[in-house]
Each structure stands twice: as structure tokens, then as C-alpha cells.
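Q: FYI, the numbering for the sequence shown is 2 to 631, going by the working numbering.
Built from N, CA and C at the ideal position, the CB exists for glycine as well.
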Amino acid sequence: MKKTCYVTTPIYYSSGNVHIGNSYTTIACDVYSRFHRLSGYDTFFLTGMDEHGQKNEEAAAAAGKTPQQLVDEIAATTNQLWRDMKITHDDFIRTSEERHTRIVREIFSRLLAQDDIYMGAYEGDYCVSCEAFFTKSQLGEDGSCPDCGKPTRKVKEECYFLRLSKYQDRLLEHIKANPDFIEPETRRNEVIAFVESGLEDLAVSRTSFRWGIPVRENPRHVIYVWIDALSNYLTALGYLSADDALYQKYWVNGDKVVHVIGKDILRFHAVYWPIMLMALGVPVNFKLYVHGWVLMKEGKMSKSAGNIIYPRDVMDKYGLDAMRLYLIKEMPLGNDCVFSYERFIEKYNSDLANDLGNLLNRTLVMINKYFAGRLEKPDRRYGDYDRELEETIENTARKYKESFASFRFQNGLNEVWHLINRSNKYIDETTPWVVAKDESRRDELNAILYHLYESLRVTAIMLAPVIPDTAEKIFRDFGLDTIDFNGLGYGKTASVKVTEKPEILFRRLDPEIELKSQNENTKPEITIDDFNKLDLRVGEVIDARKVENSDKLLLLKIKIGAATRQVVSGLAGAYAPADLIGKKLVVVANLKPVKIRGYLSEGMVLTAEGKGLPLEVLEVKKHNSNSRIS
Ligand code: MSP
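Encoded structure:
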């Protein structure tokens, strides 16, 4: 019988949106699942959507939809996005589905009946955005949410509580008896400290909104979204349903049960979830991999900062595999990583175009040139280089497997790139183009190219979980079909026949051109009302002179209707004063006046700028001064 592996992503809030940062969790789970399938595990990979809560209720009302309509639309586009990202999930559970709500209600009832949930009263500070209560000490100075910074609301409600305190000791024992329950260790230590500081019972129902799962015994209450959401890991497997075969197979009798989460949702998964399971009598046999965040250079990605990068933009432009590789190779387990287009282009060029792409292309070209695309497995070694490369292939495959099995993808990929670089060096050391000149060394030449072929074949297999399209292309070029971990090792091919027309997989990108196009569109979204606040007018320049002691500034007199404004503008590098006189420009007419170098500046001239081009003023030809611009 095959060993089993159950892998889950957190279910994403339908009120959020999938950006390059949070898509990491799902891509990482996909890599982990693909790796386990290739390792021979019977793997079940679950993802889904967390659809209840006040935020969606409010958003739906604002959009004139029912919450169900709203989440249906979001679930459909999100699931499609995952498919386009070649995510190989076996199920997509949504918390508004009947198969889920029915069981969550049952879970709640059971815990209530056995007095693990009891009725009390709650008074606290609640963040609607994060769907979480915070204690006074957790709040920001102005009472804001410690996670998202938005204002919190005071909420006082009659409310059900889950007895966390009752399970505190059992939880600590479990964590201490299972050193690999939470990885990496820093996160484990954090949880131990939190639990040791004492657990307060958790408020697990709300009466302030309706879009949730009503408590069966008291429908005025809806079940707290986290109790609802965490249960997905079981409801998707048919727990407590008429058919719980998946639950029995992947959970109760499963070999590996893995929840992958970002560090921000650690407490929910490492404290509340195991306690729920203990209370339900479900074995606590999962483990947690807790990863860091994908950050931007300036910090977190957020709508308000206007620095969100969407996976579709990256993959449409640079390809899915380049995006997947970047995220998986840049993120160490237990730390954050940064996404920047500078780094992305740099890594694209070095990892893909140079290292992997070149090795593949050189190898295919030489096999075609010297042997018309065909090689035979050599029957002996021709030097130390051969042995060394064979050993590197074997060692790399071993280290790669260890790293990937324990979610350390960065380490594993660094090993793979070590092999790629070793192989490129092997070409320089063995100089096949010199060997090719000597007819008596045909067998040696065959052996050199066979080693390169084998190294690349094994590389493609190891890369298959991360960059599946590229791995398949290499396999096709190599005349092979099924990618299989049994193929991880040197010398597994008896005779070789490669494609005659290799295509370049990754062309070098010109950083300057790429970065220029990425510099556009970096400001936060505004509404039409924001835009309408601008009073844009045509203004005619009637005088222009240089500002003393400044290389950049010009002092302009601009006529707008009957009035004349003075505007200080940084145009000196691009225009001689005389060139501007008589031009009709676009002016921001309602900008608050400021003093620049002692001169009052009563507006701003609009300009276009971009790398490699001079600053250019926006000119109007037909209109006269004072025309409105909109
Ligand atoms: N709905 C909850 C999960 C409930 S699971 C029972 C949730 N959803 S989320 O949409 O906010 O987050 C989904 C995943 O994305 C989480 O693992 C979260 O940690 C992760 N990330 C969110 N922003 C991220 C980055 N910038 N970088 C990496 N992962 C981040 O939490």
C-alpha cells in the first residue's frame, strides 16, 4: 500500500485578494504535493475559501449583492487563478457549502453538549478587517488593530466560549513530546511561550452580523469564523458525514498530515486547532510548516501602500515557471523574502537563462552536432571528471529529497543549482569541442555528452515539482515521457535520442527595458472623487527665468484666464526659459501655495518623465488659457 500525504493551504479570505505574496502559500503547497506524488505518496491536496464574516456581508451590501452571490463570483475567479498557476489541488472547499456548514454546526453542538463550549459574555476590541478580537495590550496606541492598523470597534456581546484553559497542559505536553509538530523551531518556541503564559477561553460566537453559520441551539449566534474556517481541514475529508472514507484514510490512518501556513496565522493553527481536535477526540496528528512573508522592498504589500503585485501580471509577462521558481527559491523556511522586479529579472537571467538554459542548449546542440542526436550509455569512465559528476548527481538527488520532504525548498534548489553549475564547469573541463577533433576519441566524446544528458535529465526530474512546464519541455526534448523519481540517479538511460530542433527556453532579459516598463503604475488606486479634487487648467507661460543658484528650477509666470500665477518648476534641466514662453501647459491650479527657494509657487506644471528620456511638459495646442482639463 502506498503511504499517504494530506497537504492543506489555509483557505483564503474571499474578502482579500490573491497577490504575489499570499500566493506563495499555495504555490509552496503545490510544490510539496507534487514532490510527494512523485515520491510515491498517495497525496490529497486541499485548498479553498474562507467566505463568512462581517467584511463580506458589508461588501456585498455595498455592491447590491447577496453575500452568497459575492463569494460565488470570488470563488470562481480564485479557483481559476489557481488552475492557471498549475496548482494541482484535489479539492477546493468553500465554507458556505452545505457539506461544510452542516458539519461545523455539528462540531459546535458536540462541543457545547460536552461543555467544552459554554455561554458567557464578551467585551472587547474587534477588528472587522481581520475578524479578530484583541486585548488592550495588543492594540496600537490609538486603539488600532495590531495586524492591519485599521481602527478597532468596541464590542460587547453575549457569547459562547471554547475552554482553551482546560486543554492548556495537554497541548503543552503534545508540543513538547513532538519536536517536529511545528517547524521551524523559532515558531515552535513562540507557541510554547504563548501557551505557557496562560490561555484564556476563546470567544467562539458572534451576534453582531448574520453572514456566518448559525449555532443550532441558538441561531441568534453565528459561529466565529476561525472555528468555522479551521474545520475545513476535516469537513473536506467527510468527517462526521455519511462517507468519511477520506477522513479515515488521509487523517486517522494517514502517514503525513501537513498544514502549511504563514506566520501571521500561527496561533490559530498551533493553539486553537489542536485544542478543537483534542476536544473532539480527533487525533492531533498533523504538523505545521510556518513560512514567512513575501515583502516588498519598502515592507508589506497592501492596497493602501499601492504596491501590490498580482501573479497574473508576472506570469503573463515572464511565464509561470519563472514566477514559481523565484518565490520558491527565494523563500527560506523561517524567514521572509523580498519580491522586487530588479531581483526577479536578475534571477531570471542568472538561474534560468544562463545556468539552466545554457547548459541545456549547449548539451542539445553538441549531441546533435557530433552524434546526430544519438548517444549510448558508456561502458567505462574516462577520467576523474566523470566520477565526480556522477557523484554530484547522486549526492544532489539525495540532499534534494531530504530538503523537499521537510519543506526546505530553498536548500533543495540550491543543491540543484550546484549540480547545474557543476555540469557547466564539466563542459569547460572536458572541452568536448577539442575531443571532437580527434576521431579516435569518439567514445570519450559520447561519454562526456552522456554525462551532461544524465545530469540534465536528473535536474529536470528534481525541478518538476517547482517548474513543471519546463521540466516537461526538457523531457520532451530528451525523448522521454514520464517524469518519475525512480529516474533520480546517474546512468538510468540505455540509449539517448534528443530533439533535432531545440528551442531556447529562457531568453536573457534586458533589465533596463524591463524595469522601465515596471515603473509604471506604482501609485495607490484612487476613486473618481479623488481625481475630481484636482483643478486642472490650461495656463499660458508669459514669462520664464532661471532661479538664482539653482540648476533645476525655473520661475514661471503663467496666465490662467485673467489671473497670473507664479510657479516654481524643476524644468531647467530640460528647457531653456525662452523655449517655454508662449507654451500652453497643463497646470494644477488648486495646489496649496508653497515657498520654494524664497519664491511663492502657486501651482504645478504637469510633465512626463521616464528613464532615458528628457523631462517633457504636457502641452495643449488648440485651447486657450483657462480651459478645464478632465
Ligand atoms: N482565512 C485565513 C486562513 C484560514 S485557514 C483555516 C487567512 N486567509 S488569508 O487570505 O489572509 O491568507 C492566506 C495565506 O496567505 C496565509 O497563509 C497567510 O499567512 C498568507 N499570506 C498573506 N500575505 C502574505 C505575504 N505577503 N507573503 C506570504 N504569505 C502571506 O489567513
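For Cys131, which residues of its own chain have a beta-carbon under 7 Å away from its beta-carbon, when the five flanking residues on both sides are left out?
A: Counting only Cβ-Cβ distances below 7 Å, and skipping sequence neighbours, we find Cys146, Asp148, Cys149.
Q: For Cys15 and Val459, I'd like the C-alpha separation in whole angstroms.
A: Per the sequence shown, the amino acid found at residue 15 is Ser instead of Cys. Computed Cα separation, rounded: 40 Å.
Q: Check whether the Cβ atoms of Val105 and Val196 sit closer than 8 Å, and answer yes or no.
A: No, Cβ-Cβ distance for Val105 and Val196 is not below 8 Å.
Q: With C-beta atoms as the reference, is Ser110 less than 8 Å away from Arg189?
A: Going by C-beta atoms, Ser110 is not nearer than 8 Å to Arg189.
Q: Which value, in whole angstroms, describes the spacing of the CA atoms of Lys177 and Val192?
A: Cα-Cα distance, rounded: 11 Å.
Q: Just to confirm the assignment, what range does the alpha helix (DSSP H) spanning Ala133 have?
A: Looking at the DSSP string, Ala133 is not in any alpha helix (DSSP H); the run it does join, the beta strand (DSSP E), is 133-135.
Q: In or out: Phe532 buried (at least 16 other Cβ within 10 Å) or exposed?
A: By the 10 Å Cβ count, Phe532 comes out exposed.
Q: Report yes if the C-beta of Gly384 is less than 7 Å from at least one heavy atom of ligand 1; otherwise report no.
A: Outside the cutoff, so no.
Q: For the beta strand (DSSP E) holding Pro615, just list the boundary residues, first then last.
A: Its beta strand (DSSP E) spans residues 614-618.
Q: If the criterion is Cβ atoms closer than 8 Å, does the pair Gly141 and Asp126 meet it?
A: Cβ distance not < 8 Å, so Gly141 and Asp126 don't count as in contact.
Q: So Ile183 and Ser206 are in contact, right, with Cβ under 8 Å, and what is the actual spacing, rounded?
A: 28 Å between Cβ atoms; not a contact.
Q: Are there any heavy atoms of ligand 1 lying less than 7 Å away from the beta-carbon of Ala230, as far as the coordinates show?
A: Yes, the beta carbon of Ala230 sits closer than 7 Å to at least one heavy atom of ligand 1.
Q: Nearest CA to the CA of Ala61: which residue from Gly49, Phe340, Ile75?
A: The candidate whose alpha carbon is nearest that of Ala61 is Ile75.
Q: Determine the burial state of Val588: buried for a count of at least 16 other Cβ atoms within 10 Å of its Cβ, exposed for fewer.
A: Val588 is buried by the Cβ-count criterion.
Q: Following the continuous beta strand (DSSP E) through Leu289, name the residue where it begins and the one where it ends.
A: 288-292 is the span of the beta strand (DSSP E), which, as asked, contains Leu289.
Q: Name the DSSP bridge partner or partners of Ser570?
A: Ser570 is bridged to Leu555.
Q: Can you name, in chain order, every residue of its own chain whose Cβ lies under 6 Å from the Cβ of Arg221, other than the five neighbours on each side?
A: Cβ within range, chain order: Thr208.
Q: Give a yes or no on whether the C-beta atoms belonging to Asp256 and Thr483 are separated by under 8 Å.
A: Taking 8 Å as the Cβ cut-off, Asp256 and Thr483 do not qualify as a contacting pair.
Q: Would you list the one or two residues that DSSP bridges to Ile633?
A: The requested residue 633 is not part of the displayed model; the chain covers only 2 to 631.
Q: Spell out the partners DSSP gives Ile346 in its beta bridges.
A: Partner(s): none; Ile346 has no beta bridge.
Q: For the putative contact between Leu334 and Phe408, defined by C-beta atoms under 8 Å, what is the C-beta separation to the nearest angstrom?
A: Right, the Cβ-Cβ distance comes to about 6 Å (below 8 Å), so this counts as a contact.
Q: When the distance is taken between beta carbons, is Lys584 closer than 8 Å to Val539?
A: Going by C-beta atoms, Val539 is not nearer than 8 Å to Lys584.
Q: I need the DSSP call for Ser518, collapsed to helix, strand or coil.
A: In the structure shown, Ser518 sits in a helix (DSSP, three-state: H, G or I).
Q: List in chain order: all unbroken alpha helix (DSSP H) runs of 4+ residues lying wholly within the stretch 411-449.
A: For the stretch 411-449, whole alpha helix (DSSP H) runs of length 4 or above, ordered along the chain, are 433-436.
Q: Taking the alpha carbon of Lys493 as the reference point, which residue from Asp73, Glu416, Leu464, Leu481 has its own alpha carbon closest?
A: The shortest C-alpha separation from Lys493 is found at Leu481.
Q: In chain order, which continuous runs of the alpha helix (DSSP H) of length 4 or greater are located wholly inside the stretch 203-284?
A: Entirely contained in the stretch 203-284, the alpha helix (DSSP H) runs reaching 4 residues are, in chain order, 226-231, 233-236, 274-281.
Q: Please check the pair Lys3 and Asp31, which I expect to be a contact at CB under 8 Å, by giving their CB distance rounded to whole angstroms.
A: In fact, because the Cβ distance is near 20 Å, the residues do not count as touching under 8 Å.
Q: When the Cα atoms are used, what is the spatial distance from Gly54 to Asn23?
A: Going from the Cα of Gly54 to the Cα of Asn23 covers about 20 Å.
Q: Considering Thr153, what are the terminal residues of the beta strand (DSSP E) in which it resides?
A: Here Thr153 belongs to no beta strand (DSSP E), and DSSP marks it neither H nor E.
Q: Bridge partners of Val8, per DSSP?
A: Looking at the DSSP assignment, Val8 forms a beta bridge with Phe46, Val259.
Q: Tell me whether the beta-carbon of Tyr451 lies closer than 8 Å to the beta-carbon of Lys378.
A: Against a cut-off of 8 Å, the Cβ pair of Lys378 and Tyr451 comes out as a contact.
Q: Distance, Cα to Cα, Glu129 vs Asn425?
A: The question names Glu, yet the displayed sequence has Val at residue 129. Between Val129 and Asn425, the C-alpha separation is close to 55 Å.
Q: What separation, rounded to the nearest whole angstrom, lies between the Cα atoms of Val621 and Tyr600?
A: One C-alpha to the other measures close to 26 Å.
Q: Out of Phe507, Ile462, Val295, point me to the one whose CA is closest to Asn308's CA.
A: With distances taken between Cα atoms, Asn308 lies closest to Val295.
Q: DSSP three-state label for Tyr383, please.
A: Tyr383 falls in the coil class under three-state DSSP.
Q: How close, in whole Å, do the beta carbons of Val261 and Thr102 come, if the pair is a contact with beta carbons under 8 Å?
A: 25 Å between Cβ atoms; not a contact.
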